[in-house]
Every structure is written in structure tokens, then in C-alpha cells.
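*Asks:* Per our numbering, the sequence shown starts with residue 123, numbered consecutively.
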Amino acid sequence: MTRILQSAVCLASLAASSALAQSRPEDTEVWSPKPAIVTPASAAGGAPSDAIVLFDGGSLEQWVSSQDKSPAAWTVVDGVITVDKSKGNIETRRAFQDYQLHLEWRIPADIDGTGQGRGNSGVFLASTGPRDAGYEVQILDSFGNETYVNGQAGSVYKQHAPLVNASRKPGEWQTYDIVWRAPRFTAAGTLASPATVTVLHNGVLVQDNAVLAGETVYIGKPSYKAHGPAPIKLQAHGDPSKPIGFRNIWVRELPPRP
123 MTRILQSAVC LASLAASSAL AQSRPEDTEV WSPKPAIVTP ASAAGGAPSD AIVLFDGGSL
183 EQWVSSQDKS PAAWTVVDGV ITVDKSKGNI ETRRAFQDYQ LHLEWRIPAD IDGTGQGRGN
243 SGVFLASTGP RDAGYEVQIL DSFGNETYVN GQAGSVYKQH APLVNASRKP GEWQTYDIVW
303 RAPRFTAAGT LASPATVTVL HNGVLVQDNA VLAGETVYIG KPSYKAHGPA PIKLQAHGDP
363 SKPIGFRNIW VRELPPRP
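(1) Taking C-alpha atoms, which residue in Trp372, Phe218, Lys156, Tyr257 lies nearest to Pro316?
(2) Using a 10 Å radius around the Cβ and a threshold of 16 neighbouring Cβ atoms, would you call Ala173 buried or exposed?
(3) In the DSSP assignment, what are the bridge partners of Gly244?
(4) In terms of alpha-carbon separation, which member of Ala335, Pro230, Val321 lies closest to Pro344?
(5) Quick one: Cα of Ala314 to Cα of Ala304, how far?
(6) State the start and end residues of the unbroken beta strand (DSSP E) segment that holds His224.
(7) For a test of the three-state rule: what should DSSP assign to Leu127, helix, strand or coil?
(8) Use the C-beta contact count for Ala194: other C-beta atoms within 10 angstroms, 16 or more gives buried, fewer gives exposed.
(9) Less than 8 Å between the beta carbons of Ile233 and Lys364, yes or no?
(10) Return helix, strand or coil for Gln238, following the three-state DSSP convention.
(11) Work out the CA separation of Ser243 and Ile229 for me, nearest whole Å.
(12) State buried or exposed for Val205, treating a residue as buried only when at least 16 other CB atoms are found within 10 Å of its CB.
(13) Kindly indicate which three-state DSSP category Thr150 falls into: helix, strand or coil?
(14) For Lys355, name the three-state secondary structure that DSSP assigns.
(15) What did DSSP end up calling Val186 once you bin it into helix, strand or coil?
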């Protein structure tokens, strides 16, 4: 038997011995560390046990004006926040980094206007300034309403069009379930890793771990500036159509990716 053949036989024997040594199902079972227990809500869309409830139909105590940090002054009636366009954007009192966000929004049944002037708002996943600075997932009536695709509902505004249009008609409640991974920066302020976002619109995947090129801008190319944890912001867009409503907003903070 040649040396090459002898070596091949030895290797085959070793492989067979290794396979026999790991032939039990227990060899591939992992028992610790155990995942933390999170109790899901009793109803679909409800806040799980580890969530921070940002709005449950009561007050806006978790929210402030983005402009001057005074108490948020949008209207709350019958468990629904209605945007007050004269009062500007509102944002959370707390700052967040990586998280899972649930929010529900509704375009008025009697909405008017066209294109970007029809039920326009947005959720900024990290607010980096008082007006529209940050990273926006667009809210808009996109049920039969034509506009540029990277500006319709479910888009990362001016960066990523949604994979599909999952919009419901005006007057019906819609949901966003969002996983946000904030950008990271070096001590010198340069970008270490970009932001990513996954969005489900009405339970349908519309952004799949999309990588952001920077903060949202209306004109020009997006870019990053260094920042840390930041509030979540809701937009009071200046379009002339009737204001939209929000309800059932909660967030779960997530640990950084390994």
C-alpha cells in the first residue's frame, strides 16, 4: 500500500472515529445560557412584558416638543394622538440606540390632496435635531396615491423604496414593526458601522435589513454625522391635507449585535 493510500485510509478512519464519538443527539444540544423570559401581550400588537410603552391611549407624558423640549402639545382624544401641524414635531423624552418599535397610524378616511401632499408624516428612528434631522421611515397615504417610490409609505425616505406596497385604504389602522440598529462612530467621530433597518408594514416585510447611507435629506445625498443614543420622533409635516392619527406605540431596547 502506498504512503498516499495509507494516509487516506488513516484520515478516513479518524473521520469515522470522530463521527462515532459525536453520534449522540446530546452532543449538539446547548442548555445555557438560557434566554430571558419575555411574556408576550395577550392581544396581537400589544406591548410585551419588557417593552417601554410610549403611548397607550392616555397622556403624552413620554413625549416632548422637538423644538424646545416642552411638553408635547398634540391632541389626544379617545385614545388617539392627532398630529397638530401648528405645534411641530414631537419626540420621546428618552433616547434609544438599538430597538424594536411598534406603532399604529391612520390616514383620515376623508383625506384629500395628492402625492406627497396626502397624509404625509414620518417616524424618525433617531432624531438628531429639532426639525427633520434624523433617519425617517415615511408615512403617507400610498393606497392608490402616486408619488416617487422612495417617498411612499414604507420607504426609508429618499434612500430605499419599500419592497412592496402593503398600504391599507384611508380610514383603516396600519402598523409598523421596526428593528433599528443605530450607526456606530469611532472616538474620532468617523463612521464605524452604518445604520440598518428592517420594517414590516401591516405584517408585510418592506425593508429587509436595509443599510442607510446617512441621515434623511430632502435635497442632495445623505451623509452621517457622529451621534449617540437619540429620541424617536414623529413628524408634523407641513402638507395641507388633514392630520393623521397614532396609537399603541411601544419600544423594546435591544443589546448591540455581538
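Even for Gly, the Cβ is constructed at its ideal location relative to N, Cα and C.
*Replies:* Quick look at the numbers:
(1) The option with the nearest alpha carbon to Pro316 is Tyr257.
(2) buried
(3) Gln260
(4) Ala335
(5) 11 Å
(6) 221 to 228
(7) With a pLDDT of only 49 at Leu127, under the threshold of 50, the placement of this residue in the model should not be trusted; the figure read from the coordinates follows. DSSP places Leu127 in helix when its eight states are reduced to three.
(8) buried
(9) yes
(10) helix
(11) 10 Å
(12) Val205 should be labelled buried.
(13) Thr150 falls in the helix class under three-state DSSP.
(14) strand
(15) strand
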